[in-house]
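Pasting the structure below:
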């Protein structure tokens with residue numbers, strides 16, 4: 001075995017051979033780059049298989065972070081979101097006077113709460129609309145009955161007038177307390193003495 | 206047009222060349238580089254240089270034994286024929 005000087009020099013065809021060597025190498029490097037970006041580190045492989053055990057507060061490499069982002073997007077549970085913001089559950093329970101702290105942060109509110117709140121608002125509006133409808137119906141009913149009462153009163157008044165005219169009655173005003181009616185005062189009869197008064201001419205026999 | 210790289214000769218001389226390929230033979234662990242200076246020779250052919258790279262990747266080896274050279278020629282032929290050689294591990298050149 002002999003040792004020869006290096007580097008070795010070859011005369012190659014530019015298009016058929018040189019470019020082919022380049023293309024093969026560039027393709028291989030491109031694949032390596034893509035695989036390196038997509039593949040996670042072997043030490044964190046178990047974490048990927050067990051997403052629940054991922055420590056969201058620890059720094060993650062790009063590969064695992066991408067997977068975790070996917071997991072977060074796919075499983076937006078309240079526990080994951082609360083853990084992601086490093087806010088312990090105990091603090092939420094202790095601050096009972098401020099229950100709205102978490103719910104007011106739009107970042108923590110799961111997307112599922114928005115349709116729930118909208119449903120509740122719609123339900124309230126529907127109930128209000130129903131109540132308004134019931135009120136309207138009731139008002140209409142009352143108005144109708146009042147009209148009927150007024151008609152009856154008018155009829156009663158007319159009937160009373162007829163009775164008064166027929167029997168020569170007179171309307172009397174009520175006294176101040178409105179509870180006692182004054183008895184009708186009859187018209188005074190003619191003085192009986194006047195009946196036997198002789199006419200001025202006297203009687204003729 | 207390939208990537209231009211800076212290479213170190215064994216004597217310390219630094220020069221710029223166009224990278225053609227850079228890989229490692231898995232069975233021997235040796236690294237080799239193909240590069241060109243775009244020197245045109247007769248019949249429109251271009252010179253391509255083949256050299257072993259030191260383990261630290263900083264310089265080109267001054268010598269190559271016949272066995273390694275024969276092996277490299279066989280590998281180059283397999284590359285041109287499109288055969289996938291599992292013994293070849295392509296490496297990204299880092300200056």
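Protein chains in written order, with my numbering: chain V, 1 to 205; chain S, 206 to 300.
Note that the Cβ used here is the ideal one computed from N, Cα and C, for glycine as well.
Supposed close pair residue i, residue j - CB separation, criterion 8 angstroms
i                     : j                     : result
residue 255 (chain S) : residue 237 (chain S) : 7 angstroms
residue 18 (chain V)  : residue 280 (chain S) : About 16 angstroms; that fails the 8 angstroms criterion.
residue 325 (chain S) : residue 265 (chain S) : Chain S is shown from 206 up to 300; residue 325 (chain S) falls before or after that span and cannot be answered.
residue 292 (chain S) : residue 230 (chain S) : 6 angstroms
Residues that residue i bridges to, as DSSP identifies them
i                     : result
residue 35 (chain V)  : Paired residues: none, contrary to the question.
residue 237 (chain S) : S:228, S:257
residue 219 (chain S) : S:213
Residue i, DSSP secondary structure in three states
i                     : result
residue 213 (chain S) : strand
residue 225 (chain S) : strand
residue 296 (chain S) : coil
residue 231 (chain S) : coil
residue 255 (chain S) : strand
residue 246 (chain S) : coil
residue 160 (chain V) : helix
residue 10 (chain V)  : strand
residue 231 (chain V) : Residue coverage of chain V in this structure runs from 1 to 205, which leaves residue 231 (chain V) outside it and unanswerable.
residue 135 (chain V) : helix
residue 278 (chain S) : helix
residue 148 (chain V) : helix
residue 143 (chain V) : helix
residue 15 (chain V)  : helix
residue 247 (chain V) : This structure cannot settle anything about residue 247 (chain V), because the visible part of chain V is limited to 1 through 205.
residue 126 (chain V) : helix
Check: residue i C-beta below 7 angstroms from any heavy atom of the ligand GDP
i                    : result
residue 25 (chain V) : This structure simply doesn't include the ligand GDP, nor any ligand for that matter.
Euclidean distance between Cα positions of residue i and residue j
i                     : j                     : result
residue 37 (chain V)  : residue 23 (chain V)  : 21 angstroms
residue 142 (chain V) : residue 159 (chain V) : 25 angstroms
residue 156 (chain V) : residue 145 (chain V) : 16 angstroms
residue 276 (chain S) : residue 297 (chain S) : 22 angstroms
residue 167 (chain V) : residue 161 (chain V) : 10 angstroms
residue 14 (chain V)  : residue 20 (chain V)  : 9 angstroms
residue 153 (chain V) : residue 163 (chain V) : 15 angstroms
residue 283 (chain S) : residue 241 (chain S) : 20 angstroms
residue 127 (chain V) : residue 134 (chain V) : 10 angstroms
residue 243 (chain S) : residue 228 (chain S) : 21 angstroms
residue 114 (chain V) : residue 34 (chain V)  : 39 angstroms
residue 259 (chain S) : residue 269 (chain S) : 12 angstroms
residue 39 (chain V)  : residue 25 (chain V)  : 21 angstroms
residue 147 (chain V) : residue 125 (chain V) : 33 angstroms
residue 239 (chain S) : residue 211 (chain S) : 13 angstroms
residue 140 (chain V) : residue 169 (chain V) : 39 angstroms
residue 132 (chain V) : residue 138 (chain V) : 10 angstroms
residue 29 (chain V)  : residue 295 (chain S) : 7 angstroms
residue 120 (chain V) : residue 136 (chain V) : 24 angstroms
residue 150 (chain V) : residue 116 (chain V) : 51 angstroms
residue 215 (chain S) : residue 271 (chain S) : 20 angstroms
residue 299 (chain S) : residue 118 (chain V) : 58 angstroms
residue 285 (chain S) : residue 220 (chain S) : 28 angstroms
residue 207 (chain S) : residue 248 (chain S) : 22 angstroms
Cβ pair residue i, residue j closer than 8 angstroms
i                     : j                     : result
residue 246 (chain S) : residue 11 (chain V)  : yes
residue 31 (chain V)  : residue 274 (chain S) : no
residue 27 (chain V)  : residue 267 (chain S) : no
residue 209 (chain S) : residue 218 (chain S) : no
residue 257 (chain S) : residue 278 (chain S) : no
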